[in-house]
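Novice: Supplied in structure tokens, the structure appears directly below.
Residue numbers (our numbering): 646 to 729.
This is the structure:
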């Protein structure tokens with residue numbers, strides 16, 4: 646005998662199935678009209694990344710850790726073609 650799932654359970658299962666994305670990461674982000682990020686955004690992210698790397702190096706972090714963190718920060722802000 647097959648029982649019908651309640652509406653709440655069905656919605657929960659649909660939201661947890663593979664392939665369903667979590668909408669929270671996009672919450673609060675403004676949409677950009679073009680495919681390219683604007684130059685101001687790019688410069689601000691690069692400035693943040695450089696400052697973070699400087700602080701990490703000054704505090705004694707290893708070079709490999711600094712490079713990995715700088716790449717992660719750039720990727721988090723959707724700059725995928727940065728060379729560190």
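A virtual CB, placed ideally from N, CA and C, is assigned to each residue, including glycine.
Measuring straight from C-alpha to C-alpha, what distance separates residue 704 and residue 714?
Specialist: For this step, residue 704 is matched to residue 59 along the chain shown. For this step, residue 714 is matched to residue 69 along the chain shown. Straight-line Cα distance between these residues: approximately 14 Å.
Novice: Quick one: is residue 718 buried, meaning 16 or more other Cβ sit within 10 Å of its Cβ, or exposed?
Specialist: Counted from its first residue, the chain shown places residue 718 at position 73. Classification of residue 718: buried, given that the 10 Å Cβ count is 16 or more.
Novice: For residue 725 and residue 716, what's the separation of their Cα atoms in angstroms?
Specialist: Your numbering for residue 725 matches position 80 in the chain shown. Your numbering for residue 716 matches position 71 in the chain shown. Looking at the two C-alpha atoms, the distance is approximately 8 Å.
Novice: Which residue from 698, 721, 720 puts its Cα closest to that of residue 710?
Specialist: The residue given as residue 710 occupies position 65 in the chain shown. Ranking the options by Cα distance to residue 710, first place goes to 698.
Novice: Distance, Cα to Cα, residue 701 vs residue 729?
Specialist: Here the question's residue 701 lines up with position 56 in the chain shown. Here the question's residue 729 lines up with position 84 in the chain shown. So the alpha carbons of these two residues sit roughly 14 Å apart.
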